[in-house]
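Chemist: Dropping a structure here in structure tokens format, bear with me for questions.
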């Protein structure tokens, strides 16, 4: 199975390299030419355009920033028609469920297959091939692309047969992640205001029923000055925005996600959008 | 060290029994006479009143429902003056930090010591002696009562020297617990509304960065009909109320706790206050 890969960023590059390591011939493209060069140095084939990456491929993996980019690549830049006639498009970016379902219809209208397959697990998971992949596609399509997906994520789950269901699971994942980060910030900011050492609180909470994966991961960075950026505040402005839109379209209330989104937006509006998302902790003292 | 123990409920009874097992002579009292009888059958000494439980004791442990009960027991029912002159009062219930600090002052004015020592870990932790105890007291007082506390909880932490700091840590614990339960409900309710199997979502989220202790504990009961009651919705109406009051008194914003409190209150107002707190999941479809 010959693959094209578009989007060789911090997630995409290691994912594409894992495909190469698994023995798939992969042509990779990124808007930053140096990313394709680095991919070629790592054993892949660098492509000069998305259409070139797609040419004759059986599968085109898209690990782009947003669904608008996927649409441009497929329909305006010629990547879809460059694919083999029975190829599949595998969208792995975090996108709104309804938009994913719409995109699937347009792709399937050309006779090609579509897999809605967003991921969770971050850069570490991408590098180590341990990503969680939430894949939605008809069973036969899922079975066909299963080896390719399994090369990128050891936690591959078939969550449904309809495009948009993978995006829905990822949306819910981001709801919990975003709310948990904001809750950790609310808790540690409250500790500081009430005169209890946040490090003691973090230590106790990390081992009690109050713990979360995010508390343990982001908490230490919340009580440290100038931590590294592992994931930016603006990612959750975007992803919680997707949660709210998905909830509205489905007629479902998401009151905690709404508050968390407001907190990330407030941090971003104050100029902190590119900072580590743990820095949401500093928004709370500015609220009254 | 001779101990009195007031409040032999689902938490207090196993805690008092662990004191007995550790070799402390303990006189136990509860408003339900049968609780004191059961305690006597388990090796303790049953007392007919709080003052009788306190008489001549070096330590009086209070595991009551609310701080008003502690005040009544100590000042109106004669338990404080029944204690040895240099005894200590150990308050282990979940109470508002400011009220705990006020209570400490009144007790210390009589020459007696006070330990602010709420717990986390539930009935299982109480029974197995693995509770987390968040103890605040001057160092010498903490050292003096350390053996007694350690007999009830293997995770004993000295969080500060001022009464109210233990209650503050517990308050923050409950903030995270309450928000995480509500977030799990919001996530699983959204899954159902959007047409994805909540069991698949729960399985994936439990192993991803989206996980929390509460998601893994309450999540399975959210997707099951009529689960057992392990902790009631009304507990979080009370405890998140304490969070909001503490935040207001400290001038700290707690926007996520506020929303979560509103959700638990709404469930309680609809008649579900005595149900398992996992049943908060059913509130979301009623919001619009």
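Residue numbers (the working numbering), protein chains in the order written: chain A, 1 to 288; chain B, 289 to 576. Backbone N, C-alpha and C fix where the C-beta goes; we use that ideal spot for every residue, glycine too.
1) Determine the extent of the alpha helix (DSSP H) in which residue 390/B is found, giving its start and end residues.
2) Give me the DSSP bridge partner(s) of residue 135/A.
3) Specify the secondary structure class of residue 568/B as computed by DSSP and reduced to three states.
4) Does any residue of chain A bring its CB to less than 7 Å from the CB of residue 393/B?
5) Would you say residue 384/B reaches chain A, if we count a Cβ-Cβ gap shorter than 7 Å as a contact?
6) Leaving out the 5 sequence neighbours to the left and right, which residues in its chain are closer than 8 Å to residue 562/B when beta-carbon positions are compared?
7) Give, in chain order, every residue of the region 315 to 345 of chain B whose Cβ lies closer than 7 Å to some Cβ of chain A.
8) Assuming residue 389/B and residue 350/B are in contact, meaning their beta carbons sit under 8 Å apart, how far apart are those beta carbons, in whole angstroms?
9) When DSSP labels each residue in this structure, what does residue 506/B get in the three-state scheme?
10) Return the chain-ordered ranges of every alpha helix (DSSP H) run that is complete within the region 454 to 536 of chain B and spans a minimum of 4 residues.
11) Please go through the same chain and pick out, in chain order, the residues whose beta-carbon is closer than 7 Å to the beta-carbon of residue 299/B, but skip the five residues on each side of it.
12) In the region 129 to 158 of chain A, which residues sit with their C-beta less than 8 Å from some C-beta in chain B, listed in chain order?
13) Beta-carbon of residue 208/A versus every beta-carbon of chain B: anything under 7 Å?
14) For residue 359/B, which residues in chain A fall below 7 Å Cβ to Cβ?
15) In chain A, which residues lie less than 9 Å from residue 547/B when you measure between Cβ atoms?
16) Return no unless some Cβ of chain A is closer than 7 Å to the Cβ of residue 355/B.
17) Have a look at 218/A, 118/A, 88/A, 98/A and flag the residue whose alpha-carbon is nearest the alpha-carbon of residue 158/A.
18) What do you get for residue 249/A, buried or exposed, if any count of 16 or more other CB atoms within 10 angstroms of its CB means buried?
19) Got a sec: which bits of the region 453 to 471 of chain B sit with their beta carbon under 7 Å from any beta carbon on chain A, in order along the chain?
20) I want to verify the contact list: residues of chain A whose CB lies under 9 Å from the CB of residue 572/B, in sequence order.
21) When the distance is taken between beta carbons, is residue 540/B closer than 7 Å to residue 531/B?
22) Could you tell me which uninterrupted beta strand (DSSP E) segments, each at least 3 residues in length, are contained entirely in the region 303 to 357 of chain B, listed from first to last along the chain?
23) Who are the Cβ neighbours of residue 459/B in its own chain at under 7 Å, not counting the five residues just before and after it?
24) Around the Cβ of residue 512/B, are there at least 16 other Cβ atoms within 10 angstroms (buried) or fewer (exposed)?
25) Does the beta carbon of residue 193/A come closer than 7 Å to any beta carbon on chain B?
26) Check whether chain B comes within 7 Å of residue 20/A, counting only Cβ atoms and requiring the distance to be less than that.
27) Counting Cβ pairs, one atom from each stretch, are 3 or more of them under 8 Å apart for the region 205 to 214 of chain A and the region 488 to 506 of chain B?
28) Which chain A residues are close to residue 251/B, counting only those with a beta carbon under 7 Å from its beta carbon?
29) Please state the DSSP three-state secondary structure of residue 404/B.
30) Should residue 3/A be labelled buried (16 or more other beta-carbon atoms within 10 Å of its own) or exposed?
31) Using a Cβ cut-off of 7 Å, pull out every chain B residue sitting near residue 187/A, in sequence order please.
32) What number of angstroms, rounded off, separates the C-alpha of residue 181/A from the C-alpha of residue 218/A?
33) Under a Cβ-count criterion, where at least 16 other Cβ atoms within 10 Å of its own Cβ denotes burial, should residue 302/B be classed as buried or exposed?
34) DSSP has residue 547/B in a bridge; who is on the other side?
35) Would you decide whether residue 81/A is buried or exposed? Buried here means 16 or more other CB atoms lie within 10 Å of its CB.
36) Across which residues does DSSP place residue 418/B in a beta bridge pair?
Modeler: Short version:
1) Residue 390/B -> alpha helix (DSSP H) spans 385 to 396.
2) DSSP lists 158/A as the beta-bridge partner residues of residue 135/A.
3) In the structure shown, the three-state DSSP call for residue 568/B is helix.
4) Cβ-Cβ to chain A under 7 Å: no for residue 393/B.
5) For residue 384/B, no Cβ of chain A is located within less than 7 Å of the residue's own Cβ.
6) Here residue 562/B has 517, 520, 521, 522 as same chain residues with Cβ atoms under 8 Å from its own Cβ, once five neighbours each way along the sequence are excluded.
7) Answer set for the region 315 to 345 of chain B: empty.
8) A Cβ-Cβ separation of about 16 Å leaves residue 389/B out of contact with residue 350/B under the 8 Å criterion.
9) Reduced to three states, the DSSP call for residue 506/B is helix.
10) Listed in chain order, the complete alpha helix (DSSP H) runs (minimum 4 residues) inside the region 454 to 536 of chain B are 486 to 494, 501 to 510.
11) In chain order, 351, 411, 414 place their CB closer than 7 Å to the CB of residue 299/B, counting only its own chain and leaving out the 5 sequence neighbours on each side.
12) From the region 129 to 158 of chain A, only 132, 134, 155, 157 have a Cβ closer than 8 Å to chain B.
13) Closer than 7 Å to some Cβ of chain B, the Cβ of residue 208/A qualifies, so yes.
14) Simply none; closest approach about 22 Å.
15) Contacts between residue 547/B and chain A, judged by CB atoms closer than 9 Å, involve 255, 256, 258, 259 in chain order.
16) Not an interface residue.
17) Out of 218/A, 118/A, 88/A, 98/A, 118/A has the C-alpha closest to the C-alpha of residue 158/A.
18) So residue 249/A ends up on the exposed side.
19) Per Cβ criterion, the list reads 453, 456, 457, 460, 461, 463, 464, 465, 467, 468, 470, 471.
20) Those within 9 Å of residue 572/B in chain A are 252, 253, 254, 255.
21) For residue 531/B and residue 540/B, no; Cβs fall outside 7 Å.
22) Here the runs fully enclosed are 314 to 317, 347 to 350.
23) Taken in chain order, the residues that qualify are 385, 530, 531, 534.
24) That one is exposed.
25) Closer than 7 Å to some Cβ of chain B, the Cβ of residue 193/A qualifies, so yes.
26) It does not; no Cβ of chain B falls within 7 Å.
27) Verdict: yes, contact present.
28) The shown model of chain B, from 289 to 576, leaves out residue 251/B, and the question about it has no answer.
29) Three-state result, residue 404/B: strand.
30) Residue 3/A should be labelled buried.
31) Those within 7 Å of residue 187/A in chain B are 460, 463, 464.
32) So the two alpha carbons sit approximately 7 Å from each other.
33) Residue 302/B comes out buried.
34) Per DSSP, none; premise fails for residue 547/B.
35) That one is exposed.
36) Partner residues in the beta bridge of residue 418/B, as assigned by DSSP, are 441/B.
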